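Residue numbers (my numbering): -11 to 194.
What follows is the structure, given as structure tokens:
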């Protein structure tokens, strides 16, 4: 997945705070493959100062889907959400020390097996409702689509397994998982190609 983020149409569609970065997957003859996730002192996670407090794994059956999920941003007291988020992601996007990783859930996702479709939708206060939709290959499908994805709080995300094989994913979170802090958009994701509730949420329905 290679794209010039400074290209006008991509820049206009890109959701602030989202990161998509290439991964190294090494073939090991007669044994399988070896894929790197991240290195603590190198790469995008080191750059933005995000190191997960919890790592988890999930398996999705073929043709299954998860989402939409969304984690609420943490806004300092006496600050307006729209103004604070604008400062973080528009006015001072490279001032990573402002980010409240310990108080809000950021996700970083990796896929070891299968292929997935990912949909991201920005629903943060004061931001336009941008939608990003793309495909990621697991390590068993070596390609330019072997990537990691960083999802900030306030960005709803959904994942759908493509094809006939199960998906295995590993993901890190900036905080320890608390189900009560995770918002879910109910949908019939297991039975519809693109559920009507997803379509309404994305603003594509009537």
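Quick reminder that beta carbons are idealized off the backbone N, C-alpha and C, glycines included. Since this is a predicted model, take the numbers as computed values, not measurements.
Beta-carbon separation (whole angstroms), residue i vs residue j, contact threshold 8 Å
{"i": "residue 91", "j": "residue 131", "result": "No, residue 91 and residue 131 are not in contact; Cβ-Cβ is about 36 Å, not under 8 Å."}
{"i": "residue 156", "j": "residue 19", "result": "That belief does not hold up - the Cβ atoms of residue 156 and residue 19 are roughly 18 Å apart, past 8 Å."}
{"i": "residue 126", "j": "residue 165", "result": "Actually they are not in contact, since the Cβ atoms of residue 126 and residue 165 sit about 23 Å apart, beyond 8 Å."}
{"i": "residue 50", "j": "residue 151", "result": "7 Å"}
{"i": "residue 109", "j": "residue 182", "result": "That belief does not hold up - the Cβ atoms of residue 109 and residue 182 are roughly 13 Å apart, past 8 Å."}
Residues near residue i by beta carbon distance below 7 Å, same chain, minus five either side
{"i": "residue 24", "result": "11, 12"}
{"i": "residue 178", "result": "Here residue 178 scores only 49 on pLDDT, less than 50, and its place in the model is too uncertain to base an answer on."}
{"i": "residue 129", "result": "103"}
Local Cβ density within 10 Å of residue i, reported as buried at 16 or more and exposed below that
{"i": "residue 195", "result": "Given a span of -11 to 194 for the chain in the structure shown, any question on residue 195 remains unanswerable."}
{"i": "residue 22", "result": "exposed"}
{"i": "residue 37", "result": "exposed"}
{"i": "residue 44", "result": "exposed"}
Neighbourhood of residue i by C-beta distance below 6 Å, restricted to the same chain and skipping five residues each side
{"i": "residue 112", "result": "73, 142"}
{"i": "residue 86", "result": "76"}
Under the three-state DSSP convention, the category residue i falls into
{"i": "residue 150", "result": "strand"}
{"i": "residue 63", "result": "coil"}
{"i": "residue 162", "result": "coil"}
{"i": "residue 44", "result": "strand"}
{"i": "residue 188", "result": "helix"}
{"i": "residue 178", "result": "Because the pLDDT of residue 178 is 49, which lies under 50, any placement of that residue in the model is unreliable, and the number read from its coordinates should be weighed accordingly. If DSSP states are grouped into helix, strand and coil, residue 178 belongs with coil."}
{"i": "residue 50", "result": "coil"}
### Message
Threshold first: 3 residues or longer. Then list the beta strand (DSSP E) segments lying entirely within the segment -7 to 33, N to C.
### Response
7 to 10, 13 to 16, 20 to 23
### Query
What beta strand (DSSP E) runs, 3 residues minimum, are completely inside the segment 81 to 116?
95 to 101, 103 to 110
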